[in-house]
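First residue of the sequence shown? That's 0 in numbering that gives the first Met the number 0, and the numbers climb one at a time after it.
Heads up, the beta-carbon is just placed ideally off N, CA and C, and yes, glycines get one too.
Just so it is clear, the structure is predicted and the values come from calculations on it, not from any experiment.
Beneath this line is the structure, given in structure tokens, with notes to follow.
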Amino acid sequence: MPSKNDLDIHYYNITPLDPKGHLFAVSLIITRTGKNGQKISLPSWIPGSYLIRDFSKHIIDLQAETLTGKTLTIQPIEKSIWQIDASDEAVKVSYQVYAWDLSVRGAHFDKSHAFFNGTSVFMAIENQREFACNVTLSSSKHSKAENWLVATTLPALCVDSSGFGEYQAKNYRDLIEYPVEIGNFLALNFKANGIAHKIVFTGQIERNKLDKELLIKDLTAICETELNLFGKPYPIQQYLFQVMVVNNGYGGLEHLDSTALMCSRNNLPYLNDEKRSEKYLQFLELCSHEYFHTWNVKRIQPEVYQTTDLSQPVYTNQLWWFEGITSFYDGLILNMAGIISNEDYLNRLAKEMTRVYRMPGRFKQSVAESSYLTWTKFYQQDENAPNAIISYYTKGSLIALGLDLTIRSATNNQKSLTDILLHLWQHYGQTGKGLKEGEIESICEQVAGVSLKNFFNDFLYGTKDLPFESLFAPFGIDFTLRPAVNNKDTGGATETTTYPTNLGINFTTTEHQTIKITHVWEKSSSYEAALAAGDEIVALNQYKMPNSQALEDFLKNTTVGEKVICHFFRLDELNETTLTLQSPKSDRVELKISQKMGRGLTKLDWLKNA
Ligand code: ZN
0 MPSKNDLDIH YYNITPLDPK GHLFAVSLII TRTGKNGQKI SLPSWIPGSY LIRDFSKHII
60 DLQAETLTGK TLTIQPIEKS IWQIDASDEA VKVSYQVYAW DLSVRGAHFD KSHAFFNGTS
120 VFMAIENQRE FACNVTLSSS KHSKAENWLV ATTLPALCVD SSGFGEYQAK NYRDLIEYPV
180 EIGNFLALNF KANGIAHKIV FTGQIERNKL DKELLIKDLT AICETELNLF GKPYPIQQYL
240 FQVMVVNNGY GGLEHLDSTA LMCSRNNLPY LNDEKRSEKY LQFLELCSHE YFHTWNVKRI
300 QPEVYQTTDL SQPVYTNQLW WFEGITSFYD GLILNMAGII SNEDYLNRLA KEMTRVYRMP
360 GRFKQSVAES SYLTWTKFYQ QDENAPNAII SYYTKGSLIA LGLDLTIRSA TNNQKSLTDI
420 LLHLWQHYGQ TGKGLKEGEI ESICEQVAGV SLKNFFNDFL YGTKDLPFES LFAPFGIDFT
480 LRPAVNNKDT GGATETTTYP TNLGINFTTT EHQTIKITHV WEKSSSYEAA LAAGDEIVAL
540 NQYKMPNSQA LEDFLKNTTV GEKVICHFFR LDELNETTLT LQSPKSDRVE LKISQKMGRG
600 LTKLDWLKNA
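Laid out in structure tokens, this is it:
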């Protein structure tokens, strides 16, 4: 109960109450309300994920009363804002939150665990967002019976050995920075440069078969590489990786000193694995990516992200830097940490580059626009996305790479992208100053001492391809584009030199053995034959096409210009069309260390072990 000295603190209480109904019970004591009553609200989106999600739709049974028990009227005035009657006394608001969204962005609660982001469960008190927020995390009958533990970096005031008890955040914006995981997770502790780090795994995994030693060794190397890259003072006193392990899922969301991740069981390393699997490297890249955000976006950030109001979208061109640069470094860090060789790194980079070269949409949308309109385009992709938009993650990472090569060439390797990153960390990240639109571009020019006006006009605000062949040449790396060798070819090195015709589609195979089109590439043979996303191809030249292998085998024996009869279902109607097979486009990237090294700039320091 608040005393008179605690008027500038809000008191929240959250209990994982009903695992069958997936309901958290939440209460909130507002010590001082406005003269004309009080508005409270819930965010419409969560920082780091640019989609209006209207978390308020999961609020149930909202009530308000004075601390002496007098009922107050509380009613919605917008979809995520409520108005409470004026009151002379402190007010208690209580409600339930339905938590059945198994993602890193929402809240999820059943018999096996409870997880929530503050944006899903904690109401903000209008005009009092700067007040401190106390949170009592209460145990329930179920959590006690299951001996649940708590994993969060929310600063603790007084908690029991399981982690239930009192926590405090500096203000509302801080309160939503610390997701909370509660359950019987597997917890592994390690230190990186002396800082306590923890990774917790929720979900069913074979704990005895997990290669914990390798995982900790790799994570330590990744965290230390990033801590060393940015240098002291370190922005964190502790760090937590909260991992939800599922059958099939992948993603992450960054926070101040933690990250919520989701991965598949096969993303983890097991004792019987002969070497690090591709899936495991993908997981390490995800950890590396989210950890990098500790600096780049959580502290170095656009000015517009420093708003406390999360009711409306905020707009910025700058995601090329915050997601693109982070995506460029996430893989590079694995190489710098000694986890992957130079050759493996270049091959992974080539695959990343291929994801851009395959997209016709890169000529229609600039990366700056992709960032600005992420709310409706990137976060709401439909079947036409490859033809219409470009990702600020993938092309943003190519801009990062191109910028690094350009600056190195122009300064005889004296300056690089890392100098810009460190400048931003010192002058913005450490001081809390936000970045205005266009400011990063001028800082790049200023730090590198190189004119980059054309570079940004062409590749960030324009839609031109970066000239990687010439950008790489002085560094002894050969960049080439080649056609796909089959449907599954994602780019990189290949032994094969035969390139079959292709249909220009992405597809899945169905349970009833058809090829279901998910995307049609513009001007491809399928596009010209008027095939569309959702169509199910049943036969080509009257041969059944039950799966991807059958299609691949069929195409192997065809030639460019050949006409093929295609039977397909659109909805429930059988259709026939004729495909004129095209030669595959050269849209797969290969990178190789050249036999002849360039003049002067023989090595990139990020490939210094070559
Ligand atoms: Zn990211």
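For the putative contact between N12 and S137, defined by C-beta atoms under 8 Å, what is the C-beta separation to the nearest angstrom?
As a working mapping, residue 12 is identified with position 13 in the sequence shown. As a working mapping, residue 137 is identified with position 138 in the sequence shown. Confirmed, Cβ separation roughly 6 Å.
Roughly how many whole angstroms lie between the Cα atoms of F455 and I398?
Taking the first residue of the sequence shown as 1, we reach residue 455 at position 456. Taking the first residue of the sequence shown as 1, we reach residue 398 at position 399. When rounded, the distance between both Cα atoms is 9 Å.
Q167 (DSSP reduced to helix, strand or coil):
On the sequence shown, position 168 is the one that residue 167 refers to. Three-state DSSP puts Q167 in a strand.
Helix, strand or coil at W294 [DSSP, three-state]:
Within the sequence shown, numbered from 1, the residue matching residue 294 stands at position 295. Correct three-state label for W294: coil.
Identify whether F23 lies in helix, strand or coil by the three-state DSSP scheme.
The residue labelled residue 23 in the question sits at position 24 within the sequence shown. Strand, per DSSP.
Cβ of E284 within 7 Å of any heavy atom in the ligand ZN?
Position 285 of the sequence shown, counting from 1, holds the residue named residue 284. Outside the cutoff, so no.
Residue ranges of each alpha helix (DSSP H) within the segment 123–154, 4 or longer:
140–144
Of all the options Y249, L50, S326, V245, which has the alpha carbon lying nearest to the alpha carbon of R264?
Start at 1 with the first residue of the sequence shown, and residue 264 comes out as number 265. Looking at the Cα atoms, V245 is the closest of the given residues.
Identify the continuous alpha helix (DSSP H) that holds V588 and give its terminal residues.
For the purposes of this step, residue 588 is identified with residue 589 of the sequence shown, where counting begins at 1. Element bounds for V588: not the alpha helix (DSSP H) but the beta strand (DSSP E), 587–592.
Are there three or more Cβ pairs, one per stretch, closer than 8 Å when the segment 288–298 is compared with the segment 347–358?
no
Quick check on the DSSP output: what are the complete alpha helix (DSSP H) runs of length 4 or more inside the segment 45–127, in order along the chain?
117–120
Element boundaries [beta strand (DSSP E), containing G395]
Taking the first residue of the sequence shown as position 1, residue 395 is located at position 396. Run containing G395: none in the beta strand (DSSP E); it sits in the alpha helix (DSSP H), 393–409.
CB I215 to CB A336, shorter than 8 Å?
As a working mapping, residue 215 is identified with position 216 in the sequence shown. As a working mapping, residue 336 is identified with position 337 in the sequence shown. Cβ atoms of I215 and A336: not closer than 8 Å.
On the criterion of 16 or more Cβ atoms from any shown chain inside 10 Å, does A106 qualify as buried, or is it exposed?
By 1-based counting over the sequence shown, the position of residue 106 is 107. That one is buried.
Rounded to whole angstroms, what's the CA-CA distance from D109 to H21? Just pull it up for me.
Counted from its first residue, the sequence shown places residue 109 at position 110. Counted from its first residue, the sequence shown places residue 21 at position 22. C-alpha separation (whole angstroms): 6 Å.
Considering Cα atoms alone, identify which of E205, D308, D210 is closest to R172.
The residue given as residue 172 occupies position 173 in the sequence shown. Among E205, D308, D210, the Cα nearest to that of R172 is on D308.
For the segment 315–352, which segments carrying the alpha helix (DSSP H) assignment without a break, of at least 4 residues, lie completely within its bounds, in sequence order?
325–335
For T315, verify whether its CB is less than 7 Å away from any heavy atom of the ligand ZN.
Residue mapping note: residue 315 aligns to position 316 of the sequence shown, counting from 1. No, since every heavy atom of the ligand ZN falls outside the 7 Å radius drawn around the Cβ of T315.
Of the choices G330, Y371, E284, N295, whose alpha-carbon is the least far from that of V313?
Against the sequence shown, residue 313 aligns to sequence position 314. The shortest C-alpha separation from V313 is found at Y371.
Applying the 10 Å Cβ sphere with the 16-neighbour rule, what's the burial state of H9?
Counted from its first residue, the sequence shown places residue 9 at position 10. Burial call: buried.
For L578, which three-state DSSP category applies?
Taking the sequence shown and counting its residues from 1, one reaches residue 578 at position 579. Of the three classes helix, strand and coil, the one that applies to L578 here is strand, per DSSP.
Just verifying my parser: in three-state terms, what is the DSSP assignment at E521?
Here residue 521 refers to the residue found at position 522 when the sequence shown is read from its first residue. If DSSP states are grouped into helix, strand and coil, E521 belongs with coil.
Let me make sure I understand the geometry here. Which of K69, E88, D84, S93 has the alpha-carbon closest to that of D60?
Numbered from its first residue, the sequence shown carries residue 60 at position 61. With distances taken between Cα atoms, D60 lies closest to S93.
Considering I235, what are the terminal residues of the alpha helix (DSSP H) in which it resides?
Start at 1 with the first residue of the sequence shown, and residue 235 comes out as number 236. Looking at the DSSP string, I235 is not in any alpha helix (DSSP H), and its letter there is neither H nor E.
For G202, name the three-state secondary structure that DSSP assigns.
Looking up residue 202 in the sequence shown gives position 203. Reduced to three states, the DSSP call for G202 is coil.
Going by DSSP, name the residue or residues bridged to C565.
Against the sequence shown, residue 565 aligns to sequence position 566. In DSSP, C565 forms a bridge with L539, T576.
Do the CB positions of V519 and F567 come within less than 8 Å of each other?
The residue you call residue 519 lines up with position 520 of the sequence shown. The residue you call residue 567 lines up with position 568 of the sequence shown. No.
If you draw a straight line from the alpha carbon of T135 to that of G164, how long is it in whole angstroms?
Here residue 135 refers to the residue found at position 136 of the sequence shown. Here residue 164 refers to the residue found at position 165 of the sequence shown. One C-alpha to the other measures close to 5 Å.
Name the residue from D343, K231, L27 whose alpha carbon lies nearest to the alpha carbon of Q281.
Taking the first residue of the sequence shown as position 1, residue 281 is located at position 282. Checking every option, the nearest Cα to that of Q281 belongs to D343.
Backbone CA spacing between V25 and F121 [nearest angstrom]
In the sequence shown, the residue the question calls residue 25 occupies position 26. In the sequence shown, the residue the question calls residue 121 occupies position 122. Roughly 8 Å separates the two Cα atoms.
I'd like to confirm something about H292: is its beta-carbon nearer than 7 Å to some heavy atom of the ligand ZN, or not?
Position 293 of the sequence shown, counted from the start, is the residue given in the question as residue 292. The answer is yes for H292.
Complete alpha helix (DSSP H) runs within the segment 462–538 (minimum length 4 residues, chain order)
467–471, 524–527
Candidates D217, P268, K197, C565: which alpha carbon is nearest N207's?
Within the sequence shown, residue 207 is the residue found at index 208, counting from 1. Out of D217, P268, K197, C565, P268 has the C-alpha closest to the C-alpha of N207.
Using the rule of at least 16 other Cβ atoms within 10 Å of the residue's Cβ for burial, across every protein chain shown, is D7 buried or exposed?
Locating residue 7 in the sequence shown gives position 8, where the first residue counts as 1. By the 10 Å Cβ count, D7 comes out exposed.
Assigned exposure category for F362 - 16 Cβ within 10 Å defines buried
For the purposes of this step, residue 362 is taken as residue 363 along the sequence shown, with counting starting at 1. Under this definition F362 is an exposed residue.
Would T258 be called buried (16 or more neighbouring beta carbons within 10 Å of its own) or exposed?
The residue labelled residue 258 in the question sits at position 259 within the sequence shown. It is buried - the Cβ of T258 has at least 16 other Cβ atoms within 10 Å.
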